[in-house]
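Going by the working numbering, the residue at position 267 of the sequence shown is 267; the numbering climbs one at a time, nothing skipped.
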Amino acid sequence: MTDVTVARRVEHPPPLSLAPEPETETVGPFKQGGAFFQDVPAIPPAVWGSGTEVLWAEGEALILAAPQGVGKTTLAHQIIRARIGLQDAVLGYPVASGKRVLLLAMDRPSQTRRAGHRIFAHDDPAVLNDRLVVWEGPPPFDLAQRTDILAAMCGRAGADTVVIDSLKDAAVGLSDDQVGAGYNRARQKALAEGVQVLELHHLVKRGPNGAAPNTMADIYGSVWITSGAGSIALLWGEAGDPVVSFRHLKQPMDEVGPLHLTHDHPAGVTSVTQSADLLEMARVAGAEGLTALAAAGALFEAKTPTRAQKEKARRKLERHVTLGELNRVEPAYAGGSAAYYPASKGLT
1 MTDVTVARRV
11 EHPPPLSLAP
21 EPETETVGPF
31 KQGGAFFQDV
41 PAIPPAVWGS
51 GTEVLWAEGE
61 ALILAAPQGV
71 GKTTLAHQII
81 RARIGLQDAV
91 LGYPVASGKR
101 VLLLAMDRPS
111 QTRRAGHRIF
121 AHDDPAVLND
131 RLVVWEGPPP
141 FDLAQRTDIL
151 AAMCGRAGAD
161 TVVIDSLKDA
171 AVGLSDDQVG
181 AGYNRARQKA
191 LAEGVQVLEL
201 HHLVKRGPNG
211 AAPNTMADIY
221 GSVWITSGAG
231 SIALLWGEAG
241 DPVVSFRHLK
251 QPMDEVGPLH
261 LTHDHPAGVT
271 SVTQSADLLE
281 MARVAGAEGL
291 TALAAAGALF
301 EAKTPTRAQK
311 EKARRKLERH
321 VTLGELNRVE
331 PAYAGGSAAY
341 YPASKGLT
């Protein structure tokens with residue numbers, strides 16, 4: 001294991017000049033307004049994702065939240081494996097290869113090590129030694145109090161990606177807004193240094209009547225933890241369940257899922273086992289076509305989908321229209337619903 005020693009660094013920057021510098025796009029930490037607001041890609045570059053379905057966008061933190069024992073560490077290890085170039089995709093979505101990953105194995109590191117053994121045991125040790133660095137146990141300082149430490153640790157490790165397992169061990173008292181804001185500042189400093197940040201975190205409790213949590217309010221801690229993240233994915237199930245649900249609560253672009261995931265614990269592989277196939281649903285819908293209401297019921301497993309769920313389903317259907325896979329037929333009467341048909345039928 002690489003020995004990472006963090007020393008406090010005191011920098012004394014030169015006096016800042018605000019004089020115009022037409023030959024450069026930046027003045028110190030400042031950027032010109034045109035470059036900042038106009039040089040923006042239509043789709044955010046993805047660390048993990050495909051097209052507009054972005055699970056983890058470059059420059060934005062991803063939180064994987066779940067109760068204990070439902071596989072968030074297993075899923076994170078697969079993302080690490082893809083990030084260091086040992087596999088191409090996770091859950092069917094490509095992961096961009098990075099330079100080196102720093103894993104902060106702070107939450108039960110012995111258990112994390114056993115879980116990772118199932119995934120990395122047969123990989124080339126030279127690749128693992130070169131591209132993966134592990135910090136075992138608590139960080140040298142509370143990251144919310146010393147907001148420079150996270151970026152400094154990544155710098156010392158030569159890592160362009162950090163996986164924090166888990167947030168409760170990175171800072172003490174995350175329910176306090178001052179602590180939450182302090183940790184968010186540490187996270188943003190790391191992101192500003194070009195480090196991609198993946199955080200494992202926990203939930204507050206079950207939803208009403210024991211149902212699965214489904215809002216960001218169900219994520220434990222200060223609001224600044226969730227507000228500072230670009231993407232939040234929630235895993236839900238009972239500890240040890242081989243099949244768990246996946247919800248994309250906060251998205252950089254389009255929502256992914258909901259999905260049902262199967263953990264093959266001996267193999268260390270997680271796969272999508274159930275996801276409503278809107279193209280197949282449109283095919284079997286026949287002459288009636290597929291409506292957004294029916295699509296929402298299947299996607300969210302709801303007998304009475306909410307308006308928001310119906311709108312999310314409609315957006316997914318419209319994406320298939322844009323791709324030329326479905327055709328939309330407007331209702332024949334006022335108050336009716338548009339219907340979607342396979343494009344191969346030639347309906348317009």
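Cβ atoms here follow ideal geometry from the backbone N, Cα and C, with glycine treated the same way. Bear in mind that the values here come from a model prediction, so they are computed numbers and not experimental data.
With a threshold of 16 other CB atoms inside 10 Å of the CB of H117, please say whether the residue is buried or exposed. exposed
In angstroms, rounded to a whole number, what distance separates the CA positions of G289 and R247? 27 Å
To the nearest angstrom, how far is the alpha carbon of L104 from that of K31? 32 Å
Alpha helix (DSSP H) runs wholly inside the stretch 102 to 128, at least 4 long, in chain order: 109 to 120
Could you say if the stretch 192 to 201 and the stretch 245 to 264 meet the contact criterion of at least three C-beta pairs nearer than 8 Å? no
DSSP state of K99 mapped onto helix, strand, coil: coil
Top-ranked residue by Cα proximity to P140, from A151, H265, M253, S271: A151
Pair within 8 Å by beta-carbon distance, A292 and A313: yes
Near H320, which residues of its chain fall below 7 Å by C-beta distance, leaving aside the five closest residues on each side in sequence? L278, L279, L326
Which residues does DSSP pair with A89 in a beta bridge? P94
Which residue from G71, M106, V163 puts its Cα closest to that of T270? G71
Under the three-state reduction of DSSP, which class applies to K316: helix, strand or coil? helix
Give the straight-line distance between the Cα atoms of K168 and L132, rounded to the nearest whole angstrom. 22 Å
Distance, Cα to Cα, E23 vs Q188? At E23, the pLDDT of 48 sits below 50, so the modelled position is not reliable; the number obtained from the coordinates is stated separately. So the two alpha carbons sit approximately 28 Å from each other.
Output the distance between the C-alpha atoms of L235 and Q68, rounded to the nearest integer angstrom. 10 Å
Top-ranked residue by Cα proximity to G180, from C154, Y220, I164, A159: Y220
Using the Cβ count rule (16 or more neighbours within 10 Å means buried), how would you classify H201? buried
Please state whether the Cβ-Cβ distance between S231 and L62 is less than 8 Å. yes
Assign F37 to buried or exposed, taking buried as 16 or more other Cβ atoms, counted over all protein chains shown, within 10 Å of its Cβ. exposed
Buried or exposed for V162, please, with buried defined as at least 16 other CB atoms from any protein chain shown within 10 angstroms of its CB. buried
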